[in-house]
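Engineer: Have a look at this one.
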Amino acid sequence: MALAKEVMTDEQRKSVALEYLKAFDNGGTTSTGGSILDLFAEDAQVYFPKWGLATGKEQIGQLFGDVGATIKSILHHYSHFNWVFSGSDVIVAEGTSHGEHQDGPWRAGVPEWGAGRWCDVFEIRDWKICRCFIYLDPDYAGKDTARYPWIKT
């Protein structure tokens, strides 16, 4: 990871994280028309469940391409986010979303056990995302129910 050069406030880190999430909702394009990858440090890491750990912009692009190819649309519910600030470069966003996956639609809370709730842990320095670990259920359409006897469909 690169050495930090600029001191950032929690609100500034939050603005970078929001730009990243809004770029997802906009097909990978930022509010300035750039690529979502422009928000990442060269040696950044991204973790996504069932994909694994991507290191560097090339692998992160592959991860986003692989996952993005399965998602027809997504919308994060910004007004319902919970933010946790650590007093360091790490911030956490917890929220909900809805959208359409290639296997079908999803909406947080419908059903209650289904996809749509997520938590992202960001490490942001010098206006770049250095680490983003994404925690969610990647079974967006709720098809993987047979293995969980407590799910009544």
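In my numbering, the protein residues as written are 2 to 154.
Ideal Cβ placement from N, Cα and C applies to all residues, glycine included.
Note that this is a predicted model, so its numbers are computed, not measured.
Would you tell me roughly how many angstroms separate the C-alpha atoms of R126 and G57, rounded to the nearest one?
Structural biologist: Residue mapping note: residue 126 aligns to position 125 of the sequence shown, counting from 1. Residue mapping note: residue 57 aligns to position 56 of the sequence shown, counting from 1. Rounded to whole angstroms, R126 to G57 spans 15 angstroms at the Cα level.
Engineer: When you compare each of V93, G100, T71 to V17 by their alpha carbons, which one comes out closest?
Structural biologist: Residue numbering aside, residue 17 sits at position 16 when the sequence shown is read from its first letter. It is V93 whose Cα lies nearest to the Cα of V17.
Engineer: Sort D104, V8, W84, Y141 by Cα distance to C120 and report the nearest one.
Structural biologist: Indexing the sequence shown from 1 puts residue 120 at position 119. It is W84.
Engineer: For T146, which option in G115, V68, Y21 has the closest C-alpha, if you only look at C-alpha atoms?
Structural biologist: As a working note, residue 146 is residue 145 in the sequence shown. Looking at the Cα atoms, G115 is the closest of the given residues.
Engineer: Which residues share a DSSP beta bridge with V8?
Structural biologist: As a working note, residue 8 is residue 7 in the sequence shown. Answer is none; V8 lacks a bridge partner.
Engineer: Buried or exposed for I152, going by 16 or more other Cβ atoms inside 10 Å?
Structural biologist: Position 151 of the sequence shown, counted from the first residue, corresponds to residue 152. Exposed, because fewer than 16 other Cβ atoms sit within 10 Å of the Cβ of I152.
Engineer: Check whether the stretch 48 to 63 and the stretch 86 to 106 are in contact - that is, three or more C-beta pairs closer than 8 angstroms.
Structural biologist: In short, these stretches do not touch, since the Cβ pair count stays below three.
Engineer: Based on Cα-Cα distance, which residue from G88, C131, P139 lies nearest to G105?
Structural biologist: Residue 105 sits at position 104 when you count from the first residue of the sequence shown. Minimum Cα distance to G105 is reached at P139.
Engineer: Can you give the Cα-Cα distance for A142 and H99, rounded to whole angstroms?
Structural biologist: Residue mapping note: residue 142 aligns to position 141 of the sequence shown, counting from 1. Residue mapping note: residue 99 aligns to position 98 of the sequence shown, counting from 1. Computed Cα separation, rounded: 10 angstroms.
Engineer: For I135 versus F41, is the C-beta spacing smaller than 7 angstroms?
Structural biologist: Locating residue 135 in the sequence shown gives position 134, where the first residue counts as 1. Locating residue 41 in the sequence shown gives position 40, where the first residue counts as 1. No, these two residues do not count as a Cβ contact at 7 angstroms.
Engineer: Output yes or no for whether 7 angstroms exceeds the beta carbon distance between I26 and I72.
Structural biologist: The residue given as residue 26 occupies position 25 in the sequence shown. The residue given as residue 72 occupies position 71 in the sequence shown. First, the amino acid is wrong: residue 26 is Asp here, not Ile. Cβ distance not < 7 angstroms, so D26 and I72 don't count as in contact.
Engineer: Going by C-alpha to C-alpha distance, which of V8, D39, T154, H81 sits closest to E20?
Structural biologist: Looking up residue 20 in the sequence shown gives position 19. If we check each option's Cα against that of E20, D39 comes out closest.
Engineer: Do L22 and H77 have their C-beta atoms within less than 7 angstroms of each other?
Structural biologist: Reading the sequence shown from its first residue, position 21 is the one you call residue 22. Reading the sequence shown from its first residue, position 76 is the one you call residue 77. Yes, these two residues count as a Cβ contact at 7 angstroms.
Engineer: Can you find the residues in the same chain that come closer than 8 angstroms, C-beta to C-beta, to G54, ignoring five residues on each side of it along the sequence?
Structural biologist: In the sequence shown, counting from the first residue as 1, residue 54 sits at position 53. It should be pointed out that residue 54 corresponds to Leu in this sequence rather than to Gly. So the list reads Q46, V47, Y48, once near-sequence residues are dropped.
Engineer: Going by alpha carbons, who is nearest to E113 out of T154, D67, W52?
Structural biologist: In the sequence shown, the residue the question calls residue 113 occupies position 112. Ranking the options by Cα distance to E113, first place goes to T154.
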